[in-house]
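Each remark here refers to the structure printed beneath this line.
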Amino acid sequence: MITATHAVSYDDLVDRVRAGALGPDPATQRIAVAFTTRQAVRHDGRGTGYRNEVLSLRMAEAVGSCAVEPGALPDSAVEDCVGADVARLLEHPLPPVRVAALDAYLMHVLPHTPAQGARTLPLAAGSSLEKSRARAKAVVDLLDLPPGATVLVVGVVNSLLEALRSRGLRYVPCDLKGGETEWGEPVVDDALAAAGRCDALLVSGMTLGNGTFEPLRRHALAHGKQLVMFAQTGSAVLPRLLGHGVSAVCAEPYPFFWLDGGPGVLHRYDGSCPGGVR
288 MITATHAVSY DDLVDRVRAG ALGPDPATQR IAVAFTTRQA VRHDGRGTGY RNEVLSLRMA
348 EAVGSCAVEP GALPDSAVED CVGADVARLL EHPLPPVRVA ALDAYLMHVL PHTPAQGART
408 LPLAAGSSLE KSRARAKAVV DLLDLPPGAT VLVVGVVNSL LEALRSRGLR YVPCDLKGGE
468 TEWGEPVVDD ALAAAGRCDA LLVSGMTLGN GTFEPLRRHA LAHGKQLVMF AQTGSAVLPR
528 LLGHGVSAVC AEPYPFFWLD GGPGVLHRYD GSCPGGVR
């Protein structure tokens with residue numbers, strides 16, 4: 288059964304927010320700060336690197352975020368958001384703006400607390416690679432699969448692939464950019480086409496911003512597969528979809544593990560959490 292703070296789809300969740308069903312009227316809530324974070328990384332001992340770009344919006348004490356492909360977000364997006372009310376931003380033409388605004392609103396009204404179903408996990412200080420591997424273990428531990436099962440990984444993160452191998456799990460790496468993994472494995476670029484040959488799905492929250500999330504959620508729901516989300520994008524959005532396609536979430540709101548070598552925190556959700564799906 289879905290609780291009063293859960294939704295049956297992303298669009299249903301947006302409709303609930305617009306109607307003021309989860310908190311104050313979004314037309315009365317304004318974004319005070321908008322900013323982008325751009326990063327390039329190559330961990331020690333790794334042969335390849337990657338780049339991140341994230342749009343973040345601050346509403347009161349809360350920060351909501353949505354990752355984008357580097358260079359894809361126009362500079363005008365930040366100016367559009369500053370001082371704007373959330374209701375208007377939920378109608379913005381750019382999907383990442385809509386997602387970040389929804390995330391900020393939900394972070395404000397339904398923060399990551401035990402009452403909302405969150406199980407907080409400290410992330411120890413360390414190097415970028417140490418923190419990446421610790422985050423990966425926290426994500427992969429949410430999968431309930433026997434050795435030999437195959438996982439579709441949407442949003443290729445090498446530490447996640449390592450963590451899956453350590454559990455004896457096979458995987459199909461998927462990313463819109465295609466290419467190869469650190470170990471020369473081919474990366475497919477059509478997640479839904481690959482989902483049918485996988486036993487479970489491990490999916491980046493970035494799929495919210497590029498429009499690929501809902502087909503994967505519907506696939507998991509229709510076929511009874513686990514769908515575990517690792518969420519820097521939409522960390523407060525995805526827990527609201529537990530029980531209707533989403534089976535677990537590792538939520539990581541701003542600031543992300545790759546921004547700081549000090550201690551951090553993750554918030555994990557699954558169907559057994561108090562305040563979660565029951």
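Each residue of the sequence shown is one higher than the one before, counting from 288 in the working numbering.
Where is the CB? At the ideal position from N, CA and C, for every residue including glycine.
Note that the structure is predicted; figures quoted are calculated from it, not measured.
Exercise for the section: Keeping to the same chain, check which residues put their C-beta closer than 7 Å to that of residue 496; ignore five residues upstream and five downstream. Expected result: Stepping through the sequence shown from its first residue, residue 496 is reached at position 209. Taken in chain order, the residues that qualify are 353, 354, 355, 382, 383, 386, 520.
Handout entry: Within 8 Å, strictly: CB atoms of residue 439 and residue 459
Key = For this step, residue 439 is matched to residue 152 along the sequence shown. For this step, residue 459 is matched to residue 172 along the sequence shown. Cβ atoms of residue 439 and residue 459: closer than 8 Å.
Exercise for the section: Counting only the same chain and skipping the five closest in sequence on each side, list residues whose C-beta sits under 7 Å from that of residue 468. Expected result: What you label residue 468 is simply residue 181 of the sequence shown in a count that begins at 1. Cβ neighbours of residue 468 beyond the five flanking positions: 443, 445, 448, 460, 474.
Practice task
Can you have a look at residue 409 and say buried or exposed, based on whether 16 or more other CB atoms are within 10 angstroms of its CB?
Solution key: Residue numbering aside, residue 409 sits at position 122 when the sequence shown is read from its first letter. Burial check for residue 409: the Cβ neighbour count within 10 Å stays below 16, so the residue is exposed.
Problem - Presumed contact (8 Å Cβ cut-off) between residue 365 and residue 321, rounded CB distance - result: Position 78 of the sequence shown holds residue 365. Position 34 of the sequence shown holds residue 321. Correct: roughly 5 Å between the Cβ atoms.
Practice task
Evaluate residue 292 with the Cβ neighbour count: other Cβ atoms within 10 Å of its Cβ, from every protein chain shown; 16 or more gives buried, anything less gives exposed.
Solution key: Residue numbering aside, residue 292 sits at position 5 when the sequence shown is read from its first letter. It is buried - the Cβ of residue 292 has at least 16 other Cβ atoms within 10 Å.
Practice task
Please specify which runs of the beta strand (DSSP E), each continuous and at least 3 residues long, are wholly inside the segment 391 to 479, giving them in chain order.
Solution key: If we require 3 residues or more, the beta strand (DSSP E) runs fully inside the segment 391 to 479 come out as 406 to 410, 437 to 441, 457 to 461.
Practice task
Could you name the residues that DSSP lists as bridge partners for residue 490?
Solution key: Along the sequence shown, read from residue 1 onward, the residue named residue 490 stands at position 203. 441, 516, per the DSSP bridge assignment.
Handout entry: Under the three-state DSSP convention, the category residue 544 falls into
Key = Position 257 of the sequence shown, counted from the start, is the residue given in the question as residue 544. Taken through DSSP and simplified to helix, strand or coil, residue 544 comes out as helix.
Problem - Same chain, Cβ closer than 6 Å to residue 462, neighbours up to 5 away in sequence not counted - result: Counting from 1 along the sequence shown, the entry for residue 462 is found at position 175. 443, 474, listed in sequence order.
Problem - Element boundaries [beta strand (DSSP E), containing residue 352] - result: For the purposes of this step, residue 352 is taken as residue 65 along the sequence shown, with counting starting at 1. Per DSSP, residue 352 belongs to the beta strand (DSSP E) from 349 to 355.
Problem - Where the alpha helix (DSSP H) through residue 368 begins and ends - result: Start at 1 with the first residue of the sequence shown, and residue 368 comes out as number 81. In the DSSP annotation of this structure, the continuous segment of the alpha helix (DSSP H) that includes residue 368 starts and ends at 363 to 368.
Exercise for the section: Name the residue from 431, 515, 441 whose alpha carbon lies nearest to the alpha carbon of residue 498. Expected result: Residue 498 sits at position 211 when you count from the first residue of the sequence shown. Answer by Cα proximity: 441.
Problem - Proximity of residue 523 and residue 351 at Cβ, strictly below 8 Å - result: Residue numbering aside, residue 523 sits at position 236 when the sequence shown is read from its first letter. Residue numbering aside, residue 351 sits at position 64 when the sequence shown is read from its first letter. The answer is yes: Cβ separation under 8 Å.
Practice task
Over the uninterrupted alpha helix (DSSP H) stretch that includes residue 555, give me the two end residues.
Solution key: By one-based count along the sequence shown, residue 555 stands at place 268. Residue 555: not part of any alpha helix (DSSP H); member of the beta strand (DSSP E) spanning 551 to 557, first to last residue.
Problem - Three-state secondary structure (DSSP) of residue 309 - result: Position 22 of the sequence shown holds residue 309. Under the three-state reduction of DSSP output, residue 309 falls in the coil class, being neither helix nor strand.
Exercise for the section: Please confirm if the segment 481 to 497 is in contact with the segment 511 to 518, defined as three or more CB-CB distances below 8 Å between the two stretches. Expected result: Yes: the two stretches touch, three or more of their Cβ pairs being nearer than 8 Å.
Practice task
Please name the residue in 450, 536, 394 whose C-alpha comes closest to that of residue 420.
Solution key: Your numbering for residue 420 matches position 133 in the sequence shown. Here the closest residue by C-alpha is 450.
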